[in-house]
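Protein chains: 2
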Amino acid sequence: MSLAVSLLRLSTILNAMVLNVLVAEQPITNADKTFVRLRNDIVEGVVPAGSKLSEMELSTKYAVSRAVVREAINRLESCHLVERKANVGAKVVALTEQGLNELYQVRESLEGMAARLAATQMTDLEIADLNDLLSSHFQTVKTGETYYQEAGDVDFHYRIILGSKNNHLITMLVDGIYHLIRMYRVQLGMAGPRVTTAFDEHKHIVQAISNRDPELAEMLMRRHIQYTKKNLAKKLES
Amino acid sequence: MSLAVSLLRLSTILNAMVLNVLVAEQPITNADKTFVRLRNDIVEGVVPAGSKLSEMELSTKYAVSRAVVREAINRLESCHLVERKANVGAKVVALTEQGLNELYQVRESLEGMAARLAATQMTDLEIADLNDLLSSHFQTVKTGETYYQEAGDVDFHYRIILGSKNNHLITMLVDGIYHLIRMYRVQLGMAGPRVTTAFDEHKHIVQAISNRDPELAEMLMRRHIQYTKKNLAKKLES
DNA sequence: CTCGTTAATTTTGTCGACAATAAAGGGTGA
DNA sequence: TCACCCTTTATTGTCGACAAAATTAACGAG
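Protein chains in written order, with this note's numbering: chain R, 117 to 354; chain B, 117 to 354.
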């Protein structure tokens with residue numbers, strides 16, 4: 117038991133380290149902080165979808181100059197979280213059915229590729245660690261704590277994306293579209309019966325990766341994402 | 117004959133319009149112009165791969181303020197053409213074998229998807245126009261003018277990408293990685309025997325799209341890109 | 001002569017002010 | 001009342017100057 121616990125702790129620590137290496141290179145500027153804060157506010161819906169972003173307003177709100185707000189907004193545009201028009205301003209993207217469809221078409225393709233690559237590129241150690249993460253999720257699901265499932269799911273997908281070892285792919289997904297995916301999930305209210313079935317899907321994906329079976333891993337990941345999308349599409353209708 | 121010529125002209129005009137709609141929404145700021153100029157200089161190798169970008173230097177060179185240069189550099193970072201480190205500066209990316217592999221893995225997946233979607237989403241008119249473009253390329257190839265082949269190839273791929281009708285996909289490819297692809301092509305010196313075989317591959321892809329055969333279109337596009345990559349990889353070794 | 005430390009210089013990050021553009025409001029004529 | 005034009009207002013684009021950080025150079029100790 118103590119071994120299992122220590123493994124889980126190690127897993128958590130490693131995960132935090134991996135995220136830090138990706139997200140936070142040593143020097144953090146004000147623009148970085150503003151970017152992250154504003155991004156969170158948008159994903160969480162504190163700044164409503166479709167609303168206009170006033171540079172002056174934000175600069176007073178976050179107590180920084182307009183220049184850093186502008187840089188933050190520019191980066192948000194790269195994430196597809198806001199849309200800018202010259203001499204007009206920036207608006208938070210709207211959550212539409214078409215947008216969801218297009219986003220998930222791309223996500224399915226990219227994460228399918230990530231799973232395929234991960235099946236050949238991940239080290240045995242990383243795969244073992246992924247199994248540990250799955251076990252820790254099983255504990256959580258069993259005890260009925262669905263609250264952290266969303267974060268856990270993000271963690272799971274992160275591992276596989278990083279496991280692809282393709283820096284372009286990693287950047288596109290992590291810096292590119294993942295926050296938009298989270299935005300749909302958070303604002304459409306993810307919870308409910310899918311968490312347990314999703315766990316089974318995760319398990320099968322990990323098995324395919326453990327067996328070094330790229331084609332199966334890709335197919336299972338694509339289906340997993342298709343299911344997720346259908347689930348989201350339902351919520352978007354209402 | 118006059119009909120064929122007029123069709124070709126129409127094709128060229130339409131193509132220019134499509135590009136303008138994508139690239140240039142009416143108001144163009146100085147930041148836009150600087151971004152485009154600097155991007156071209158990087159792609160063409162005027163600013164060498166791997167070199168450092170000095171904000172002050174560029175601001176004097178392009179006769180704009182540092183703020184404008186900074187915005188341009190930020191956008192170039194989104195295109196994966198430069199890499200920035202806080203408090204240090206921006207460097208033009210280096211052209212490496214690993215980078216080429218990773219880039220083309222992503223490109224194969226995304227453009228494969230584009231071809232698949234285009235087979236179902238393009239209108240009959242757009243497909244007819246694509247065939248016209250192919251004919252015009254045939255004329256060019258037959259007369260031995262390989263100079264414009266690179267631009268023609270870019271045109272061809274653009275059409276299919278736009279034909280996917282998936283805005284996320286379009287943005288990722290056109291604004292995202294396509295200039296980096298061009299950078300590899302230009303700086304490794306694309307020309308030579310592959311232009312004619314590439315033409316045949318283009319022809320087969322268009323046939324698959326005309327037959328509304330998504331799976332075949334994707335497979336042919338993926339292979340076409342694989343061939344291109346092998347060709348580039350050879351040049352990179354020398 | 002080499003290494004480590006400190007001072008000088010260069011470069012990036014941040015700020016507030018001004019200019020240019022677009023949106024909002026008021027007025028006139030039909 | 002509606003449409004159009006002009007004026008006013010607010011917002012974004014651009015600039016130069018200052019602050020902070022990193023790089024380079026100078027210096028001295030071993």
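Just so it is clear, CB atoms sit at the ideal spot from N, CA and C, and this is done for glycine as well.
Just so we're clear, the structure is a prediction, and the values are computed from it rather than from any experiment.
- In terms of Cβ geometry, R200 of chain B and I189 of chain B form a close pair [threshold 8 Å].
- Straight through space, the alpha carbons of R191 of chain R and A165 of chain B are spaced by roughly 23 Å.
- Here F315 of chain B is buried. Its C-beta has 16 or more other C-beta atoms within 10 Å.
- Taking a beta-carbon distance threshold of 8 Å, Q221 of chain B counts as an interface residue toward chain R.
- Under the DSSP assignment, K258 of chain R falls in the alpha helix (DSSP H) whose first and last residues are 240 to 258.
- Looking at the DSSP output, V198 of chain R bridges to R:V208.
- The beta carbon of S175 of chain R does not come within 8 Å of any beta carbon belonging to chain B, so the residue lies off that interface.
- Under a 10 Å Cβ-count criterion, L219 of chain B is classified as buried, with 16 or more other Cβ atoms of the shown protein chains found around its own Cβ.
- Here A333 of chain R is buried: its Cβ has 16 or more other Cβ atoms, across all protein chains shown, within 10 Å.
- Remark: C-beta atoms of L154 of chain B and K207 of chain B do not approach each other more closely than 8 Å.
- In this structure, E266 of chain R keeps its C-beta atom at 8 Å or more from the C-beta atom of L352 of chain R.
- Taking one beta carbon from each stretch, the region 221 to 235 of chain R and the region 266 to 286 of chain R have 3 or more pairs nearer than 8 Å; the two touch.
- One thing to note: I293 of chain B has its Cβ within 8 Å of the Cβ of V222 of chain B.
- Minimum Cα-Cα distance from T287 of chain B among the listed residues R:E193, R:V163, R:D157 corresponds to R:E193.
- In the DSSP assignment, N282 of chain B falls outside any alpha helix (DSSP H) and carries neither an H nor an E.
- Look at A267 of chain R: its C-beta is not under 8 Å from any C-beta on chain B.
- Nearest to G205 of chain B by C-alpha distance, out of B:K177, B:E227, B:A179, B:M172, is B:M172.
- Taking 8 Å as the cut-off, the Cβ atoms of L304 of chain B and L348 of chain B count as close.
- Cβ contact annotation for E187 of chain R (same chain, cutoff 6 Å, sequence separation greater than five): A147, in chain order.
- The Cβ of H196 of chain R sits closer than 8 Å to at least one Cβ of chain B.
- Less than 8 Å separates the beta-carbon of S326 of chain R from that of I243 of chain R.
- By the C-beta density criterion, N282 of chain R is buried, having at least 16 other C-beta atoms within 10 angstroms.
- Going by DSSP, I297 of chain R is part of the alpha helix (DSSP H) stretching over 294 to 303.
- Chain B places no beta carbon closer than 8 Å to that of P330 of chain R, leaving this residue out of the contacts.
- Boundaries for L289 of chain B: no alpha helix (DSSP H) harbours it, and the DSSP string shows neither H nor E there.
- Here the alpha carbon of V198 of chain R sits roughly 37 Å from the alpha carbon of L250 of chain B.
- For A235 of chain B, the uninterrupted alpha helix (DSSP H) run begins and ends at 213 to 237, by DSSP.
- A Cβ of chain R is located within less than 8 Å of the beta carbon of H284 of chain B.
- When 8 Å is used as the limit between beta carbons, E218 of chain B is near these residues of chain R: N282, N283, H284, L285, in chain order.
- By the neighbour-count criterion, in which a residue is buried when 16 or more other Cβ atoms sit within 10 angstroms of its Cβ, G161 of chain B is exposed.
- Within chain B, no residue has its beta carbon less than 8 Å from that of L304 of chain R; the closest one is some 18 Å off.
- Of the residues assessed, D240 of chain B falls on the exposed side of the cut-off, its CB having fewer than 16 other CB atoms within 10 angstroms.
- In terms of beta-carbon proximity, A165 of chain R stays away from the interface with chain B, with every pair separated by 8 Å or more.
- Using a Cβ distance threshold of 8 Å, T145 of chain B and A202 of chain R count as a contacting pair.
- The Cβ atoms of M306 of chain B and I158 of chain B lie no closer than 8 Å to each other.
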